[in-house]
Amino acid sequence: PKGVMVEHRGVVNLVLTQIARLNMRVTSRMLQFASFSFDASVWEIMIALGGGASLAIPAAMVRQAPCRLWHYLEEQAVTHVCLMPALLQEGADLPEITTKPTLVLAGETPSAALLQALRGRVTLFNAYGPTETTVCATIWRCPSDYTDEWVPIGQPMVNTRVYLLDIYGQPVPLGTVGELYIGGVGVARGYLNRPDLTAERFLADPFSD
1 PKGVMVEHRG VVNLVLTQIA RLNMRVTSRM LQFASFSFDA SVWEIMIALG
51 GGASLAIPAA MVRQAPCRLW HYLEEQAVTH VCLMPALLQE GADLPEITTK
101 PTLVLAGETP SAALLQALRG RVTLFNAYGP TETTVCATIW RCPSDYTDEW
151 VPIGQPMVNT RVYLLDIYGQ PVPLGTVGEL YIGGVGVARG YLNRPDLTAE
201 RFLADPFSD
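In UniProt numbering, the protein residues as written are 1 to 209.
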């Protein structure tokens with residue numbers, strides 16, 4: 001694994017943006033599920049405590065059983081959750097609960113089947129962000145009537161820019177395949193003690209002042 005130097009300003013931007021986007025309040029309860037070695041834990045802890053909310057920390061036996069975890073959300077009145085799609089699989093076996101938490105799927109591409117199973121049961125988001133950004137670069141809210149077979153990554157967060165570029169570094173026309181480039185305050189400083197790799201991967205943004 002590569003050490004990535006994330007800036008404090010990126011974390012502050014993440015916290016302020018997500019508190020507003022996800023409607024975090026002092027009465028909210030965030031599930032603290034991610035391992036501390038996974039950047040999603042920064043998302044969980046900093047957003048919750050930065051917004052004056054509480055953290056709900058489940059026992060190991062709850063973490064390992066998706067259905068039990070789902071009941072835990074109801075029992076502990078958890079309002080906000082961030083999970084990897086693989087944990088929930090296709091979502092068909094998840095029990096019915098009386099609460100409707102906000103669920104952010106992240107870390108990998110969720111299947112359309114999972115989104116369709118969860119739509120209406122939770123307030124659902126899909127978030128995307130490579131290691132070289134501060135946890136999350138784009139986010140998309142799934143509508144309750146979602147029936148598509150493709151899953152968007154959404155729009156860039158506040159103070160974040162995304163570009164689809166060709167092999168020459170120029171924007172591609174609409175509907176054309178390109179490579180995704182990310183700019184803005186969420187981009188990390190570079191790789192720790194890897195100046196050559198940093199110079200290769202972290203480029204100047206020619207489209208921004």
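Note that beta-carbon positions come from the ideal geometry of N, C-alpha and C, so glycine has one too.
For clarity, every value in this text was computed on a predicted model and none was experimentally measured.
- A Cβ-Cβ distance of about 5 Å is found for the pair Arg119 and Ser144, placing them in contact under the 8 Å criterion.
- In this structure, DSSP gives Met24 a state outside helix and strand, which the three-state scheme calls coil.
- Residues Leu94, Pro95, Ile97 of the same chain have their beta carbon placed closer than 7 Å to that of Trp70, with the five preceding and five following residues left out of the count.
- In the structure shown, the three-state DSSP call for Met30 is strand.
- Residue state for Trp70 is assigned as helix, using DSSP reduced to three classes.
- Bounds of the alpha helix (DSSP H) holding Gly50 are 40–50.
- As for any beta strand (DSSP E) of minimum length 3 sitting wholly inside the stretch 141–203, the runs are 160–165, 179–184, ordered along the chain.
- The alpha-carbon of Thr99 is positioned some 37 Å away from that of Gly183.
- The DSSP-derived three-state label of Ala65 is coil.
- Apart from the 5 residues on each side of it in sequence, Leu165 sits with its Cβ closer than 7 Å to the Cβ of Pro171, Val172, Gly178, Glu179, Tyr181 in its chain, given in chain order.
- For Ala86, the enclosing alpha helix (DSSP H) stretches over residues 85–88.
- Leaving aside the five residues that flank Ala188 on each side, the residues in its chain whose CB is nearer than 6 Å to its CB run, in chain order, Val4, Met5, Val6, Glu132.
- Counting only residues of its own chain and dropping the five nearest sequence neighbours on each side, Ala117 has a CB closer than 7 Å to the CB of Glu90, Gly91, Ala92.
- Across the set Thr109, Trp150, Leu88, Ala60, the C-alpha of Thr109 shows the shortest separation from the C-alpha of Gly129.
- Short of 7 Å from the beta carbon of Arg194, and not among the five residues preceding or following it, lie these beta carbons of its own chain, in chain order: Lys2.
- Within the same chain, Pro58, Val62 come within 6 Å of Tyr72 by CB-CB distance, once the 5 residues on both sides are set aside.
- Non-local beta-carbon contacts of Thr198 in its own chain, meaning distances under 6 Å to residues more than five positions away in sequence, involve Gly190, Tyr191 in chain order.
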